[in-house]
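Trainee: Residue numbers (our numbering), protein chains in the order written: chain A, 643 to 1194; chain B, 643 to 1194. Cβ coordinates follow ideal geometry from the N, Cα and C atoms, glycine included. Note that the structure is predicted; figures quoted are calculated from it, not measured. Could you have a look at this structure, given as structure tokens, before my questions?
Protein chains: 2
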Amino acid sequence: MSATTATNYKEIIDNAIKAIHTRGFYAQYPEHPKAYGEEAPVKGLDAFNNQLNNPFKGLLQKNEAAWIGEESSPYTGKPLGITYPVFEVETLVVRAGRAFDAWKKLSVDSRAEILVDALERVKDRFFEIAHATQHSTGQSFMMSFQASGPHASDRALEALAMGYEELQRFPANVVWEKPMGKTSVVLQKQFKAIPKGVGLVIGCSTFPIWNSVPGMFASLITGNSVIVKPHPKSIYPIAIVVAEIQNALQAKGVDINVCQLAVDTSAKLVTKQLAEHPLVKLIDYTGGSAFGSYVESIPGKVTFTEKAGVNSVILDSVVDLKPVVQNLSFAVSLYSGQMCTAPQNIFIPAGGIKQGDTVIPYEEVKKALVDAIAGIAAHPQMGPGTLGAIQSEVTLKRVNSLKDIDATILLQPTKVANAEFADARTCSPIVLEVDAKDTGIYEEELFGPIVLIVKTKDTAQSIEIAKHMAEKHGAITFSAYTTDEATANTITEELESVFAPVTLNLTGNIWVNQHAGFSDFHVTGGNPAGNASFSNPEYVNKRFVWVGHRRV
Amino acid sequence: MSATTATNYKEIIDNAIKAIHTRGFYAQYPEHPKAYGEEAPVKGLDAFNNQLNNPFKGLLQKNEAAWIGEESSPYTGKPLGITYPVFEVETLVVRAGRAFDAWKKLSVDSRAEILVDALERVKDRFFEIAHATQHSTGQSFMMSFQASGPHASDRALEALAMGYEELQRFPANVVWEKPMGKTSVVLQKQFKAIPKGVGLVIGCSTFPIWNSVPGMFASLITGNSVIVKPHPKSIYPIAIVVAEIQNALQAKGVDINVCQLAVDTSAKLVTKQLAEHPLVKLIDYTGGSAFGSYVESIPGKVTFTEKAGVNSVILDSVVDLKPVVQNLSFAVSLYSGQMCTAPQNIFIPAGGIKQGDTVIPYEEVKKALVDAIAGIAAHPQMGPGTLGAIQSEVTLKRVNSLKDIDATILLQPTKVANAEFADARTCSPIVLEVDAKDTGIYEEELFGPIVLIVKTKDTAQSIEIAKHMAEKHGAITFSAYTTDEATANTITEELESVFAPVTLNLTGNIWVNQHAGFSDFHVTGGNPAGNASFSNPEYVNKRFVWVGHRRV
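So this is what it looks like as structure tokens:
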């Protein structure tokens, strides 16, 4: 199905709804940079360079209290020098409340038209967004382009389309006639989806757009206004999106405060103040588990969280170890393990794994994995292109702190040479070896380029532990390699019972880290990794309430 | 649409799904007793009489620890003398967990077939259920028949059909093929709705079936097992339903512990023990607000609550006061105000209300209302038939305690003569008059035959207070009378903003208390009256989790 031929918002949304129900491959926004023409890359780079060391003037929010900004590039180590307008929390919430009162009265189609227009405007800035993402998150340029550009916009459209469909679930007006013998009782009934109010979207530093736009578009299409509070270290990418939503609103004469950017600094965060404000009814959150659990616990809020998980891989048996190891080493290396979907714990039975009729000993499997991971990091092009840079100094410290723990270090972390950016903050994966009994070491998310090989008694124990981890600590992805159908079934049954999605026998150019819009649910919402899912029906219909009126 | 012609479960469910989306009048189970044939009433009465003073042997649960029962009839004042098998909490939960493991593996269609069969079996016991309901709740026979029989079964079918539809929202199996230049990546994807686990359904004393079956059938169709914990004073009606579900399960060779009855006594309630059990994942609750808020606060549970609300009526202007007063007096009298949907606070402006071009003074409106309420209670047939009996001694005490508060008593409560049951526990409505400023008196739910006339400055103040009440204390219904379209719009906008459904200008044989299956949402879930709604999509899709698996 090709969607680029769609010419109006209705067609774009109809195609998206169809895709959501078909769940085969679909993309409204092609992922290849070449699809956007020859001029787009130059225009994007120019815009980025012109923005550096300047105030971000794209927002239409008025009467700011000050200009602040503290982003710096993980690639150059230098500040971006961009400042953003700041507003008092009360100003933001009052404006959001006022904008909500008008926005909720617009028809679903009016809202949909504006939001699709916003996405089309964002599309024209994919290259600037890519540079902005690269130099705030540390992702490679290509990942920045795809994750923050087409993939994010596809997920935004997915949420929008899901909301659009849910809002039409019941008829707006109905005549209800109840037969009562010779007469009847007639009532006019009206069914309305009433939005909850002001939504808050709390962004993270590593995926400032991809993780934020689904909640934004889900809240907006269902008639809520939103305040977008990015991570103070990754503002620029989402600021562009908010600016384009405001442009689309203004083009239709709608209050631009329907979607506001709320900027703060690491020294003086306003997240809690916003989250606890009584007028804020909806909160979308991506980030660490401790703050996520706090968000979930605030009384009177409907929350949509993506927190941390411990993603496991089980190696049981393979047709051929080589492509398995290739796939797996790439999956753990991609963006230096800074994806919420990256595998962390790799369970290998002490007795080794089957390859056809032979058994590959544990030590050999381990060595193959370690060599492959080391190989990617050492490769002059593939290394920096795959690993990117480390977003935060904290992540680097976490890696280094692991050198002291009670585990065998199979692979020491090193700097990854980057020909383009000599000062890039990089770090190749540290690989540790632990025993199944060492749960204290591997039972929490170790965010960043950290891989643990866990030696288990057998696959049954691997399954038992992986299931327990997902149930207790959450899992966003889970991957297994087995050639035995009974084992595959057991793995699937056990992991799905704790609401972890199972990916089996992945090799080639597709990795467990990738969750495709219009097909894969991202996070199930059923285990501690998060309470929401991009985008199932619940993701949108918790943002409004069905109310039925009756009159004679 | 006539549904009685449907001959198999699939047809019954398809018709129900269509009805849910059409939302015009629909009933699978006709509400008139005559529709069930000549023999049914006699058979039902015989069954009831044979059950009195005997153990309830209909359940298939085995190895009970004891037999207990403490129900008594509000009509005769005598114990029903029925005992039920009791089980340890741990026994119930372990059995529910084991049954869940098998039940979740059945296809949606297998589950649907069993559950429709259960409803058909329940239909054959509507008359016994009516007597059981009358003599535990105090409802009149006709209300007992309709509310616990056809209306309840319709709402059960509605939840079942909603679940059936939601479970088919996404394809079970899909081939995903992503074009990658000259090649492509192909994945087999599987989308599964994984049920949450063991559900607990906590019943109330006044509507033991109507309020319990939607949660039971919603949990069951989505693959969860349920433990039904009725109010110790209203067990018999729902015991029949559980017994018939067990019969339907057994007929298909399925573990009958998929649906268990958990009986306790007022002296030793097991509700908290069940609710807090780690294996219990879903809780449906109907009852008081304090316990409901406790249920909502238990960590790790998905809850569906219906608590108390303060239902308001606004009188602004009428075409003709007489039918308005008739309708309203009946609405407050029905089952002596023991319906969660019964109006409580009637707001009348001090300046009176418009009737066409004239104004009816406040005192006159008040008098008309009081006279009409007194008239119903004093009428030899209409009185007992409408008011029924008082379920609980506590309700009677509440009415009597109001005689001491600082308000004008416009109508004193009295016994309602009942020719059939001389010893019936009855009480006509007490009508109090308060001023708008006396919020301390009227701002909480005063369950039972208690009506408050609240004198306001004007309709604007009536709206302001009614909205505030709904937002702060919840509202399950709201009713207004106005001939002015602008006022109607203001009322609707203000009340829907706090998620209260608005019923306008109701006269004749339909009352605000009635929420029709397949059309009216019961409780919106958006204000403190409860967090769930019979039956919107959220009501079923929070009971399972979409999980997507992928394999090469």
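Can you name the residues of chain B whose CB is closer than 7 Å to the CB of N1151 (chain A)?
Mentor: Here the neighbours are M822 and V827.
Trainee: A885 (chain A) to L757 (chain A), Cα distance in whole Å?
Mentor: Taking the straight line joining both Cα atoms gives about 12 Å.
Trainee: Is the stretch 839-855 of chain A close to the stretch 920-928 of chain A, with three or more CB pairs under 8 Å?
Mentor: Touching, yes, given that three or more Cβ pairs across the two stretches are closer than 8 Å.
Trainee: Quick check: the Cα distance between L862 (chain A) and Q781 (chain A), rounded to an integer number of angstroms?
Mentor: C-alpha separation (whole angstroms): 28 Å.
Trainee: According to DSSP, is L1053 (chain A) helix, strand or coil?
Mentor: Looking at L1053 (chain A) - three-state DSSP - the assignment turns out to be strand.
Trainee: When you compare only the Cα positions, how much space is there between G1150 (chain A) and G686 (chain A)?
Mentor: Answer to the nearest angstrom: the Cα atoms are 32 Å apart.
Trainee: State yes or no: is the beta carbon of K943 (chain A) nearer than 8 Å to at least one beta carbon in chain B?
Mentor: For K943 (chain A), the answer is no, since every Cβ of chain B falls outside 8 Å of its Cβ.
Trainee: Pull the bridge partners of T1000 (chain A) from the DSSP assignment, please.
Mentor: DSSP output for T1000 (chain A) lists A:Q997 as bridge partner(s).
Trainee: Please list, in chain order, the residues of the stretch 1083-1101 of chain B that have any C-beta partner in chain A closer than 7 Å.
Mentor: Cβ contacts with chain A: none found.
Trainee: Counting only runs of 4+ residues fully inside the stretch 864-935 of chain A, write out the alpha helix (DSSP H) ranges in chain order.
Mentor: Qualifying alpha helix (DSSP H) stretches, in chain order: 878-893 and 913-918.
Trainee: For a minimum of 3 consecutive residues, which ranges assigned as the beta strand (DSSP E) are wholly contained in the stretch 1011-1066 of chain B?
Mentor: Segments of the beta strand (DSSP E) lying fully in the stretch 1011-1066 of chain B: 1050-1053.
Trainee: In whole angstroms, what separates the C-alpha of V1165 (chain B) from that of N1155 (chain B)?
Mentor: In a straight line, the C-alpha of V1165 (chain B) is about 12 Å away from that of N1155 (chain B).
Trainee: Whether or not the stretch 652-668 of chain A and the stretch 1160-1178 of chain A are in contact is what I'm after, with contact meaning three or more pairs of Cβ atoms, one per stretch, closer than 8 Å; do they touch?
Mentor: Yes: the two stretches touch, three or more of their Cβ pairs being nearer than 8 Å.
Trainee: Does the distance from the C-beta atom of I1015 (chain A) to that of C1069 (chain A) stay below 8 Å?
Mentor: The answer is no: Cβ separation not under 8 Å.
Trainee: Between S978 (chain B) and L1029 (chain B), is the Cβ-Cβ spacing less than 8 Å?
Mentor: Yes.
Trainee: For S584 (chain A), count neighbouring C-beta atoms within 10 Å of its own C-beta (all shown protein chains included) and say buried if the count is 16 or more, exposed if not.
Mentor: For chain A, the structure presents residues 643 to 1194; residue 584 (chain A) sits outside this window and is missing.
Trainee: So which residues on chain A does V1187 (chain B) lean against when the C-beta distance must stay under 7 Å?
Mentor: Within chain A, the residues near V1187 (chain B) are F1141, T1166, G1167 and G1168.
Trainee: Roughly how many angstroms separate the alpha carbons of H1191 (chain A) and G930 (chain A), rounded to a whole number?
Mentor: Taking the straight line joining both Cα atoms gives about 42 Å.
Trainee: Taking a contact to mean a Cβ-Cβ separation below 8 Å, would you say S854 (chain A) touches I887 (chain A) in this structure?
Mentor: No, the pair does not count as a contact, with Cβ atoms beyond the cut-off.
Trainee: Note down, in chain order, each residue of its chain lying with its Cβ closer than 6 Å to the Cβ of I869 (chain A), except the 5 sequence neighbours on either side.
Mentor: Result list for I869 (chain A): L734, A738, L842, Q902 and A904, in chain order.
Trainee: Please classify R811 (chain B): does DSSP put it in a helix, a strand, or coil?
Mentor: It is coil, neither helix nor strand.
Trainee: Strictly below 9 Å CB to CB, what residues from chain B border E819 (chain A)?
Mentor: Here the neighbours are G666 and F667.
Trainee: Could you tell me which uninterrupted beta strand (DSSP E) segments, each at least 3 residues in length, are contained entirely in the stretch 687-772 of chain A, listed from first to last along the chain?
Mentor: DSSP runs (the beta strand (DSSP E)) wholly in the stretch 687-772 of chain A: 708-710 and 726-728.
Trainee: One question on the structure: do P1091 (chain B) and V1041 (chain B) come within less than 8 Å of each other, judged by their Cβ atoms?
Mentor: Result yes, Cβ atoms of P1091 (chain B) and V1041 (chain B) sit closer than 8 Å.
Trainee: For a contact defined as C-beta to C-beta under 9 Å, what are the partners of N953 (chain B) on chain A?
Mentor: Chain A residues near N953 (chain B): none, gap ~14 Å exceeds 9 Å.
Trainee: Any beta-carbon of chain B closer than 8 Å to the one on T1056 (chain A)?
Mentor: So no, T1056 (chain A) is outside the interface.
Trainee: Based on the DSSP secondary-structure assignment, which residues constitute the bridge partners of T945 (chain B)?
Mentor: In DSSP, T945 (chain B) forms a bridge with B:I925.
Trainee: So what does M822 (chain A) bridge to, in DSSP terms?
Mentor: Answer is A:T825, bridged to M822 (chain A).
Trainee: Ordered along the chain, which non-local residues of its own chain (more than five positions away) have a Cβ less than 7 Å from that of P697 (chain A)?
Mentor: Once the five neighbours on either side are set aside, the close Cβ partners of P697 (chain A) are W709 and T725.
Trainee: Using the three-state DSSP reduction, which class does D796 (chain B) fall into: helix, strand or coil?
Mentor: Correct three-state label for D796 (chain B): helix.
Trainee: Nearest CA to the CA of K1008 (chain A): which residue from A:I995, A:I1018 and A:A1019?
Mentor: When only C-alpha atoms are compared, the closest one is A:I995.
Trainee: Do G951 (chain B) and E1106 (chain B) have their CB atoms nearer than 8 Å?
Mentor: No, these two residues do not count as a Cβ contact at 8 Å.
Trainee: Residues of chain B with CB closer than 8 Å to the CB of L1146 (chain A), please, in chain order.
Mentor: By Cβ distance, chain B contributes H1191, R1192, R1193 and V1194.
Trainee: Which residues of chain A have a Cβ atom closer than 9 Å to the Cβ of V816 (chain B), listed in chain order?
Mentor: In chain order: T664, R665, G666 and S1161.
Trainee: Just the chain A side, please: which residues come within less than 8 Å of N1178 (chain B) by C-beta, in chain order?
Mentor: Within chain A, the residues near N1178 (chain B) are N1183 and W1188.
Trainee: Could you compute how far the alpha carbon of F812 (chain B) sits from the alpha carbon of H773 (chain B)?
Mentor: Cα to Cα, the separation comes out at about 44 Å.
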